[in-house]
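Note sheet for the following structure.
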Amino acid sequence: NAGVMQNPRHLVRRRGQEARLRCSPMKGHSHVYWYRQLPEEGLKFMVYLQKENIIDESGMPKERFSAEFPKEGPSILRIQQVVRGDSAAYFCASSLSSYSNQPQHFGDGTRLSIL
Amino acid sequence: EDQVTQSPEALRLQEGESSSLNCSYTVSGLRGLFWYRQDPGKGPEFLFTLYSAGEEKEKERLKATLTKKESFLHITAPKPEDSATYLCAVQFIQGGSEKLVFGKGTKLTVNP
Chain A
234 NAGVMQNPRH LVRRRGQEAR LRCSPMKGHS HVYWYRQLPE EGLKFMVYLQ
284 KENIIDESGM PKERFSAEFP KEGPSILRIQ QVVRGDSAAY FCASSLSSYS
334 NQPQHFGDGT RLSIL
Chain B
10 EDQVTQSPEA LRLQEGESSS LNCSYTVSGL RGLFWYRQDP GKGPEFLFTL
60 YSAGEEKEKE RLKATLTKKE SFLHITAPKP EDSATYLCAV QFIQGGSEKL
110 VFGKGTKLTV NP
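Here the protein sequences line up with chains A and B, keeping their order.
The first sequence begins at 234 in our numbering and counts up by one.
The second sequence begins at 10 in our numbering and counts up by one.
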């Protein structure tokens, strides 16, 4: 995927540690979305951000999870005090706008494993 | 209640054996229906957007169609490289903002 870049691709953390996932959108895209995917489950929306603003965080757990998309640099999804249930693949997507005529383009994800 | 349901969950085909995947949705006020392809260990790759009933889009061996409550992804004479999980997603307005909801996908395996 020449567009959306996510890193790291794999992240291992012990219970109680913090996980930071980074996402650089496609060039020219200012809309960023984070999703979580569990085995046998569909992609679940977490949060939608534009530069310096959280637009919709209705899918994000109220505790321990936060997201930002600063004026400069990548978008960050932060998970504090990780628990085993946080193990999943986290995908970032970006688009030119939030309207349906501009599809979301995805990165290859970060696979988070909690020991 | 799932808003987007894909069937079957898994499908095995022989090379050259055409078939269809189904995506049904219950949301109202559809803004767009999207098909993606996802390979193992990769992110979803955008294939098509459909906006209104009767619309069709084609790309190589794939053709997507849309009715009022469902979409079909037709695969004609598939090849082993078409093996992947195909995801359907619908975009609609909820609470004043655009929402995109994904189905769980259909895992397609094409045997040579």
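Just so you know, even glycine gets a beta-carbon here, dropped at the ideal spot from N, CA and C.
Burial is judged here by how many other beta carbons sit within 10 angstroms of a residue's own beta carbon; Lys108 of chain B has at least 16 and is buried.
Under the 8 Å criterion on CB atoms, Glu65 of chain B is classed as non-interfacial with respect to chain A. Per DSSP, Val36 of chain B lies in no beta strand (DSSP E) segment and is marked neither H nor E. Not a single CB atom of chain A sits nearer than 8 Å to the CB of Gly38 of chain B.
For Val13 of chain B, the enclosing beta strand (DSSP E) has its first and last residue at Val13 to Ser16. Ser331 of chain A and Ser308 of chain A have their C-alpha atoms roughly 17 Å apart.
Fewer than three pairs of CB atoms, one per stretch, sit closer than 8 Å, so the stretch 21 to 33 of chain B makes no contact with the stretch 332 to 347 of chain A. Residue contact check for Pro336 of chain A against chain B: a CB pair falls below 8 Å. By the CB criterion at 8 Å, Thr94 of chain B and Thr115 of chain B fall inside the cutoff. Looking from the CA of Leu254 of chain A, the closest CA among A:Lys304, A:Asn334 and A:Gln313 belongs to A:Gln313.
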